[in-house]
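Using my numbering, read the sequence shown as starting at 21 and increasing by one per residue. Every residue, glycine too, gets a C-beta built ideally from N, C-alpha and C.
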Amino acid sequence: MKKLFYITLICIPFLSTAQIVDEAVPSKFSPKEFTIPAAPVFDMMGVTPSFINRASDIKDFKVDWSFKSWKLNPNIAIEAQPIWEIAYGKKDIAKYQAASTFMRKLSTLDISVGTVQDETNDRRLGIALKMNIYKQKDPLLAKNLYAGIADKYAKEKKQLEEQLQLLQHRLDTTTNILEKPLIKMQMNNVEQLLFNQANRRRDEINQRAKIFISENWNASSVDVAVGKIFSYQTDSAGTLTSLRLNRNTGFGAWINGSWGLGKSWLLSGLARATLYDEQLSFLVKDINNNTTSATTAIANNQIYSLGANFRYGSALFNFFAEFMYEFKQTKTAAEALDKTFKTQSSNLQVVASSVKWTGLTPNNITIGGEWRMSRSVILNYGMRCIFDKDWKFTTFVPVATISCLMR
């Protein structure tokens, strides 16, 4: 539990939502996301509690921590939306609302970079790009969500300032010294109301935003993404030595969609293709003298992943169960090798039984959930059960992540 404790300490500054409100339009307090999704690069690496994550997009910088054990490994990802930050992040919300549909979709372009250390102490590095192509509800387009707030507090401010001027005039003109303490107390009360107006306005905005998110937490959405992962062998000092050629070094593309069912259910689906090269070690037999020798070659392969995830709950916390199925385009290593490796002599043939590659456990069932600790922090957790092609139980893996938005 030590790692979770350390991560929570790091996130404590983001648990507070206290900010200063001084603009007429509450753009800084508009709900920008219905959830805090996993970084796409972590999604491709398979180090998130659920393989099939919710489709969503963020409008802030974000940092993720992922861990499968309580060892303090530097498993971290950083995520941002550069077009949003440049074109809309520091501007009035009205600019985003007036933008074209194409530009609003382009503003969801998301880039994430991350690194993890796996169970074999290999260092994995990756980068991923993601874009939202469909959004049933856009929180930033909820123009009527804050209707009346600006006018309400502008009118209140004017009335309080007028009341303060009248009290000041009474204090300056009264000849009854016994009235002065009472007038000063009244002035202090009015000044306190003026001083706290920003906080009261912020609280009302946040309360409306909370209601909006609660009502639409499972709004439908669709994302598309691509990513590239590299896996390196490391020495005892952690220095990167050589690139591994297996499924942990490859290119991936996927589509991820979520569909709301009623008020409490969310169905998510994932379809992904991963292309990679795998270095194979095998034996070659010389037919003339019946001798064998060891050699290596690179084989091309593809893995296809399909899965579905059911969530039940609310914006604050929910639980999920999912199933993920993975399969290779080429069934055996020997078949993949035949497509890429050619012997230089007709007297040589590959010993098929000696060709081995990274095994694939095609069936994965995961149960878990998420807890939104605050507007800016979310905890995801899951227990992944892995089965082979014959549905024989292989192992289970506990996974947890903490994500913090840098508001």
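On the three-state DSSP scale, how would you describe residue i?
{"i": "M62", "result": "For the sequence presented, residue 62 should be read as Phe rather than Met. Helix."}
{"i": "F413", "result": "strand"}
{"i": "W237", "result": "coil"}
{"i": "P102", "result": "helix"}
{"i": "V41", "result": "Legend: pLDDT at V41 = 39, less than 50; position of this residue unreliable, value from coordinates given subsequently. Three-state DSSP puts V41 in coil, outside helix and strand."}
{"i": "M403", "result": "strand"}
{"i": "N216", "result": "coil"}
{"i": "S256", "result": "coil"}
{"i": "I203", "result": "helix"}
{"i": "D408", "result": "coil"}
{"i": "L425", "result": "strand"}
{"i": "A353", "result": "helix"}
{"i": "P428", "result": "Residue 428 is absent from the structure shown; the chain starts at 21 and stops at 427."}
{"i": "A229", "result": "helix"}
{"i": "R222", "result": "helix"}
{"i": "V419", "result": "strand"}
{"i": "V210", "result": "helix"}
With distances taken between CB atoms, is the gap from residue i to residue j smaller than 8 Å?
{"i": "W377", "j": "A353", "result": "yes"}
{"i": "N384", "j": "K348", "result": "no"}
{"i": "G402", "j": "I387", "result": "yes"}
{"i": "N268", "j": "I72", "result": "no"}
{"i": "A97", "j": "S70", "result": "no"}
{"i": "G333", "j": "Y345", "result": "no"}
{"i": "G389", "j": "F339", "result": "yes"}
{"i": "F416", "j": "R404", "result": "yes"}
{"i": "V61", "j": "G146", "result": "yes"}
{"i": "E53", "j": "K79", "result": "yes"}
{"i": "S325", "j": "L303", "result": "no"}
{"i": "D63", "j": "N152", "result": "no"}
{"i": "A317", "j": "L300", "result": "yes"}
{"i": "T315", "j": "D142", "result": "no"}
{"i": "R392", "j": "F337", "result": "yes"}
{"i": "L149", "j": "V246", "result": "yes"}
Could you spell out the range, first to last residue, of the alpha helix (DSSP H) harbouring residue i?
{"i": "R264", "result": "Note, R264: premise wrong, no alpha helix (DSSP H); not H, not E."}
{"i": "K82", "result": "K82 -> not in any alpha helix (DSSP H); beta strand (DSSP E) instead, spanning 82-87."}
{"i": "Y116", "result": "113-118"}
Bridge partners for residue i per DSSP, in chain order?
{"i": "E342", "result": "N329, T386"}
{"i": "A273", "result": "V246, A293"}
{"i": "F302", "result": "T315"}
{"i": "G280", "result": "L286"}
{"i": "L126", "result": "Partner(s): none; L126 has no beta bridge."}
{"i": "L368", "result": "D306"}
{"i": "K348", "result": "I323"}
{"i": "S251", "result": "R144"}
{"i": "V375", "result": "According to DSSP, V375 bridges with nothing at all."}
Given the structure, does residue i come close to the ligand MN, in the sense that its CB is under 7 Å from one of the ligand's heavy atoms?
{"i": "A59", "result": "Here there are no bound small molecules, and the ligand MN is not part of this structure."}
Between which two residues does the beta strand (DSSP E) holding residue i run?
{"i": "N152", "result": "143-155"}
{"i": "V133", "result": "130-137"}
{"i": "K175", "result": "Here K175 belongs to no beta strand (DSSP E); instead the alpha helix (DSSP H) covers 169-193."}
- Task: Could you say if the segment 282-289 and the segment 244-263 meet the contact criterion of at least three C-beta pairs nearer than 8 Å?
- Result: no
- For the 8 Å Cβ check, are there 3 or more pairs between the segment 110-119 and the segment 218-226? no
- Query: Touching or not, the segment 200-215 and the segment 172-184, by the rule of three or more beta carbon pairs under 8 Å?
  - Reply: yes
- Message: For the pair the segment 119-131 and the segment 99-107, tell me if three or more CB-CB distances fall below 8 Å.
- Response: yes
- Contact between the segment 152-162 and the segment 223-241 (3+ Cβ pairs under 8 Å): yes
- Message: Whether or not the segment 191-210 and the segment 225-236 are in contact is what I'm after, with contact meaning three or more pairs of Cβ atoms, one per stretch, closer than 8 Å; do they touch?
- Response: no
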